[in-house]
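J.:
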Amino acid sequence: MALSVTILPGLPAYGPQATPFPTEWGRFGREGTVVEFKDDDSCWVGNFRPGLGGINLAGVHPNERDAVVVARGDLWVVDPVKRAALYILPAIDAAIEVRDPNGWLFSMQGLAIARFGPSGLGWHTKRLSWDGFDQLALVGEELTGLAYDPMGDTWIPFRVDTKTGNSSGGSFYAEGTLTSDWERLAD
5 MALSVTILPG LPAYGPQATP FPTEWGRFGR EGTVVEFKDD DSCWVGNFRP
55 GLGGINLAGV HPNERDAVVV ARGDLWVVDP VKRAALYILP AIDAAIEVRD
105 PNGWLFSMQG LAIARFGPSG LGWHTKRLSW DGFDQLALVG EELTGLAYDP
155 MGDTWIPFRV DTKTGNSSGG SFYAEGTLTS DWERLAD
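Numbering (the numbering used here), first residue to last: 5 to 191.
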């Protein structure tokens with residue numbers, strides 16, 4: 005049986021205690037995003053500290069050996085054999101599943117886009133929006149959408165190459181800002 009990763013409605017009432025992530029967070033019975041990891045050899049439950057806000061998601065990592073958990077916006081990569089997790093990114097508020105290679109495009113608080121694939125975080129764009137995205141659409145190898153501009157109360161189009169992370173457009177492009185410091189393109 006392949007790895008199965010499922011979000012549960014809450015902590016199990018019986019059986020072994022859920023493994024908390026991070027370790028110090030779950031010591032006092034707090035409940036976060038509760039996820040079951042099951043394969044041929046074992047079944048165990050993880051209890052993930054929720055982020056400040058965002059989506060919940062659980063699935064098999066594109067590398068097909070680990071798992072991916074997004075707990076109210078916080079992205080974790082889980083080694084189900086070692087029962088260990090590594091915190092990767094905060095503030096994920098949307099996920100778009102992609103292929104070639106398998107993975108996701110993540111909206112990072114409606115400000116930037118990140119690509120997660122078999123080798124982990126592949127790239128993330130510069131900041132594209134002041135405050136949110138709308139009308140995200142994936143067509144071939146391009147993500148398009150609208151970025152909110154609060155100064156004009158308008159939506160500005162943007163484009164992202166899903167292979168490289170190279171982007172154009174958007175509402176956040178002020179001279180002298182740290183916009184390029186946000187960007188990490190694919191190798």
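Backbone N, C-alpha and C define an ideal beta-carbon position, used for all residues, glycine too.
#1: Taking the beta carbon of LEU109 as the centre, do at least 16 other beta carbons fall within 10 Å, making it buried, or is it exposed?
#2: What are the complete beta strand (DSSP E) segments, minimum 3 residues, inside the segment 50-84?
#3: Measure the C-alpha to C-alpha separation of TYR152 and TRP80 and round it to an integer number of angstroms.
#4: For ALA190, count neighbouring C-beta atoms within 10 Å of its own C-beta (all shown protein chains included) and say buried if the count is 16 or more, exposed if not.
#5: Hey, would you say GLY52 sits closer than 7 angstroms to PHE25, going by beta carbons?
#6: Tell me the rounded alpha-carbon separation between GLY174 and ASP138.
#7: Which residues mark the beginning and the end of the beta strand (DSSP E) in which TRP108 is found?
#8: Is the Cβ-Cβ distance between VAL74 and VAL9 less than 7 angstroms?
#9: One question on the structure: do ASN60 and THR23 come within less than 7 angstroms of each other, judged by their Cβ atoms?
#10: Do you know how far the Cα of LEU90 is from the Cα of LYS130?
#11: May I ask you to report which of helix, strand or coil DSSP gives ARG34?
#12: Classify MET112 as buried or exposed, calling it buried when 16 or more other Cβ atoms lie within 10 Å of its own Cβ.
#13: So TRP127 and GLY169 are supposed to be a Cβ contact under 8 angstroms. How far apart are they, rounded?
#14: Taking Cβ to Cβ, would you say ASP83 is nearer than 7 angstroms to ASP70?
#15: Could you give the first and the last residue of the continuous beta strand (DSSP E) run that contains TYR152?
#16: Mind checking who ARG188 pairs with in its DSSP beta bridge?
#17: Quick one: is GLY50 buried, meaning 16 or more other Cβ sit within 10 Å of its Cβ, or exposed?
#18: Would DSSP call TRP48 helix, strand or coil?
#19: Looking at C-alpha atoms only, which residue of GLY144, PHE120, VAL102, GLY77 is the closest neighbour of GLY114?
T.: In short:
#1: Here residue 109 refers to the residue found at position 105 when the sequence shown is read from its first residue. The residue is buried, with at least 16 neighbouring Cβ atoms inside 10 Å.
#2: 61-64, 71-75, 78-83
#3: For the purposes of this step, residue 152 is taken as the residue at position 148 of the sequence shown. For the purposes of this step, residue 80 is taken as the residue at position 76 of the sequence shown. Approximately 28 angstroms between the Cα atoms of the pair.
#4: Reading the sequence shown from its first residue, position 186 is the one you call residue 190. Looking at its Cβ environment, which holds fewer than 16 other Cβ atoms inside 10 Å, ALA190 is exposed.
#5: The residue you call residue 52 lines up with position 48 of the sequence shown. The residue you call residue 25 lines up with position 21 of the sequence shown. A small fix is needed here, since residue 52 is Phe in this sequence, not Gly. Taking 7 angstroms as the Cβ cut-off, PHE52 and PHE25 qualify as a contacting pair.
#6: Position 170 of the sequence shown holds residue 174. Position 134 of the sequence shown holds residue 138. GLY174 and ASP138: Cα-Cα distance of roughly 11 angstroms.
#7: As a working mapping, residue 108 is identified with position 104 in the sequence shown. Per DSSP, TRP108 belongs to the beta strand (DSSP E) from 107-112.
#8: The residue given as residue 74 occupies position 70 in the sequence shown. The residue given as residue 9 occupies position 5 in the sequence shown. In this structure, VAL9 does not lie closer than 7 angstroms to VAL74 by Cβ.
#9: Looking up residue 60 in the sequence shown gives position 56. Looking up residue 23 in the sequence shown gives position 19. No, Cβ-Cβ distance for ASN60 and THR23 is not below 7 angstroms.
#10: The residue you call residue 130 lines up with position 126 of the sequence shown. The residue you call residue 90 lines up with position 86 of the sequence shown. If I take the Cα positions, the gap works out to 24 angstroms.
#11: Stepping through the sequence shown from its first residue, residue 34 is reached at position 30. The answer is coil: DSSP assigns ARG34 none of H, G, I, E or B.
#12: One-based indexing of the sequence shown puts residue 112 at position 108. Buried.
#13: Position 123 of the sequence shown, counting from 1, holds the residue named residue 127. Position 165 of the sequence shown, counting from 1, holds the residue named residue 169. Contact holds; Cβ gap of about 3 angstroms.
#14: Here residue 83 is taken as the residue at index 79 of the sequence shown, counted from 1. Here residue 70 is taken as the residue at index 66 of the sequence shown, counted from 1. Yes, they are a contact pair.
#15: Working through the sequence shown from its first residue, we reach residue 152 at position 148. TYR152: member of the beta strand (DSSP E) spanning 146-153, first to last residue.
#16: Looking up residue 188 in the sequence shown gives position 184. Answer by DSSP bridge pairing, in chain order: HIS128.
#17: Numbered from 1 along the sequence shown, position 46 holds the residue referred to as residue 50. When all chains shown are included, GLY50 counts as buried.
#18: Position 44 of the sequence shown holds residue 48. If DSSP states are grouped into helix, strand and coil, TRP48 belongs with the strands.
#19: Your numbering for residue 114 matches position 110 in the sequence shown. Selected option, being the one with the closest Cα: GLY77.
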